[in-house]
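Notes follow the structure.
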């Protein structure tokens with residue numbers, strides 16, 4: 001090893017010292033500088049007599065333009081094959097990236113105008129590698145020659161990609177003549193490696209807004225590279241697709257939009273890396289919990305906006321899953337004994353022997369609304385537990401290492417129960433006026449039958465209905481058997497009730513009349529019942545659980561006149577039969593029963609219609625007192641015996 005070290009010294013001793021560094025080949029954008037040394041031996045020295053380093057590693061202003069393009073344009077005033085051309089750079093030549101190849105504008109003519117570009121020229125547009133003496137040299141993101149350090153997708157040299165997030169998506173247009181444009185995606189300031197591909201007849205265009213609020217727009221009408229708010233944009237336009245690339249970082253907020261151009265739908269695929277502009281920043285330690293005798297102090301974390309350099313609400317940092325809020329740090333402080341104490345108090349590590357302060361909450365209050373959405377609240381306070389287990393309230397900042405629990409929350413956000421009316425039943429009669437019914441249920445948000453609906457808004461369950469068919473016709477034309485006892489039918493249907501899932505009054509059948517002749521009474525039992533849907537059984541409820549008027553449980557009945565008795569009634573009996581319940585009007589009614597004899601045998605006379613009180617069930621003639629509650633039909637007269645009388 002000693003011989004090896006000596007040989008290296010002998011080799012270097014043949015060289016003179018390195019000379020000073022030359023002026024940088026560029027003033028910005030990364031150039032090259034060199035240093036020389038002279039061989040002192042008469043023989044050939046081992047090693048190189050020149051070395052290089054990077055320099056001027058600051059970004060050029062946007063108006064400076066591309067370094068390779070400047071070298072091509074320097075030949076614009078030199079004739080090529082007897083003609084002047086405007087030369088444009090040809091970049092990213094895979095065979096010889098360090099030769100100066102240029103293309104005559106407006107032609108397909110490509111010429112190598114110089115065997116090598118100036119030192120510091122980028123080998124490729126998307127790389128930091130630079131050409132030095134006609135050879136492409138590797139340059140890392142640390143701007144050092146030979147360095148293999150690279151930027152991550154977020155633009156951080158030797159980074160781990162944690163400062164940005166990949167955004168990938170697809171947009172399908174639904175444009176039309178009535179909706180000629182739409183937004184594809186908004187790409188925020190600082191984003192990198194933007195690529196969009198549109199397939200279809202529509203066209204892309206850009207809108208920008210700088211941090212200062214200055215707005216811009218570009219219609220992307222033709223293929224080319226251009227600057228927009230100091231961001232370099234590469235756009236390619238084909239008959240059936242468009243490609244947009246922006247290497248970034250964007251110097252403004254970009255909005256990519258699409259403009260309608262044909263009936264067929266278009267799709268746009270996009271991908272870019274979005275910087276995480278809100279990051280957690282650890283705070284300094286809070287004040288010590290005690291002024292002497294030993295206390296503790298904590299740090300916290302706050303959400304910081306990297307663009308505006310200000311603290312913002314925590315929710316902005318929670319938006320990024322990559323953001324992990326740092327845990328608080330805790331340290332002891334003010335360990336000197338208090339003057340009034342009897343000596344030094346030893347402080348144990350707080351996190352091992354003493355619980356951290358914590359948030360405690362009271363129970364939630366009752367919801368402000370039973371349905372339809374309400375709020376409930378509670379109080380939240382920071383408490384501390386001492387070594388003996390005693391809990392006492394402390395300042396809130398001591399608990400700020402964890403988020404404070406919410407003090408208000410929504411509750412009972414489901415819809416309130418509503419009345420649901422079902423279809424009307426058929427009319428209870430086949431002619432004239434009757435009744436029809438429907439079931440009205442109180443339904444909750446799950447579609448289940450429940451209570452809680454307002455009685456004031458309940459739809460009515462019974463209404464009158466009219467069948468446009470006459471119930472009475474002349475006896476001569478309609479047989480008696482064809483007359484239906486529709487009043488009795490209506491009465492039975494009206495009084496009959498079916499148990500449902502809504503509590504309702506259910507009357508039982510009437511008892512037999514209390515007498516076999518004359519006026520008596522009938523009774524029945526009326527219950528409040530409900531149908532239990534889950535068991536399909538009927539349950540009796542207290543009477544006050546049913547709404548609406550309760551059906552009568554007693555009524556008068558008439559069994560016909562007693563034999564041998566005159567049909568006379570005192571006022572009390574008449575009121576009992578017809579005044580209080582008025583049910584005989586449904587059993588007895590007036591009907592026409594033919595006509596009297598003609599008043600004249602010839603020469604024209606009149607006949608009067610005979611009106612009788614008729615029992616509609618038995619079709620028997622009854623006492624007229626039983627029809628007092630029905631309206632007596634008008635008197636009918638008709639002419640008769642119109643033949644002239646024979647002469648006397």
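Numbering (full-length UniProt numbering), first residue to last: 1 to 648.
No residue lacks a Cβ here, since even glycine has one placed at the ideal position from N, Cα and C.
| Query | Result |
| --- | --- |
| Proximity of residue 513 and residue 442 at Cβ, strictly below 7 Å | no |
| Inter-residue spacing [alpha-carbon to alpha-carbon] between residue 402 and residue 385 | 17 Å |
| Where residue 263 sits in the DSSP three-state scheme | coil |
| Residue 204: CB within 6 Å of a non-hydrogen atom of the ligand HEM | Within the structure as shown, the ligand HEM is missing, as the structure has no ligands at all. |
| Residue interval of the beta strand (DSSP E) (run including residue 437) | 432 to 437 |
| Nearest to residue 56 (by Cα), restricted to the options 168, 68, 29 and 39 | 29 |
| Beta-bridge pairing of residue 168 - partner residues as DSSP gives them | 271 |
| Which listed residue (240, 234 and 645) has its alpha carbon closest to that of residue 223 | 234 |
| Proximity winner among 94, 20, 290 and 202, relative to residue 260 (alpha-carbon distances) | 202 |
| Beta carbon of residue 266 nearer than 7 Å to that of residue 200 | yes |
| DSSP three-state assignment for residue 318, whether helix, strand or coil | helix |
| Counted within 10 angstroms of its Cβ, other Cβ atoms place residue 647 as buried (16 or more) or exposed | exposed |
| Local conformation of residue 73 per DSSP, three classes | helix |
| Three-state class that DSSP yields for residue 456 in the structure shown | helix |
| Three CB pairs or more closer than 8 Å across the region 175 to 183 and the region 325 to 341 | no |
| Inter-residue spacing [alpha-carbon to alpha-carbon] between residue 47 and residue 139 | 22 Å |
| Sequence-distant residues of the same chain with beta carbon closer than 6 Å to residue 642, five excluded per side | 604 |
| N- and C-terminal bounds of the beta strand (DSSP E) containing residue 309 | Here residue 309 belongs to no beta strand (DSSP E), and DSSP marks it neither H nor E. |
| Beta-carbon proximity check, residue 370 vs residue 408, cutoff 7 Å | no |
| Straight-line gap, residue 40 to residue 53 (C-alpha atoms, nearest Å) | 24 Å |
| Residue environment, residue 135, which counts as buried when at least 16 other CB atoms sit within 10 Å | exposed |
| Residue 208 - partner residues in DSSP beta bridges | 216 and 254 |
| Inter-stretch contact (C-beta, 8 Å, three-pair minimum) for the region 319 to 330 and the region 289 to 298 | yes |
| Those residues which DSSP pairs with residue 50 across a bridge | 36 |
| Where residue 68 falls: helix, strand or coil (DSSP) | helix |
| Distance, residue 405 Cα to residue 314 Cα | 14 Å |
| Beta-carbon gap between residue 164 and residue 273 smaller than 7 Å | yes |
| Residue 15, DSSP secondary structure in three states | strand |
| Environment of residue 278 [buried if 16+ CB atoms lie within 10 Å] | buried |
| Where residue 467 falls: helix, strand or coil (DSSP) | strand |
| Backbone CA spacing between residue 184 and residue 255 [nearest angstrom] | 8 Å |
| Segment limits, beta strand (DSSP E) that includes residue 329 | That residue, residue 329, is in no beta strand (DSSP E); it is neither H nor E in DSSP. |
| Separation of residue 198 from residue 320, as counted between CA atoms | 28 Å |
| Simplified DSSP assignment, three categories, for residue 142 | coil |
| CB-CB length for residue 23 against residue 35, believed under 8 Å | Actually they are not in contact, since the Cβ atoms of residue 23 and residue 35 sit about 12 Å apart, beyond 8 Å. |
| C-alpha gap between residue 614 and residue 461, whole angstroms | 33 Å |
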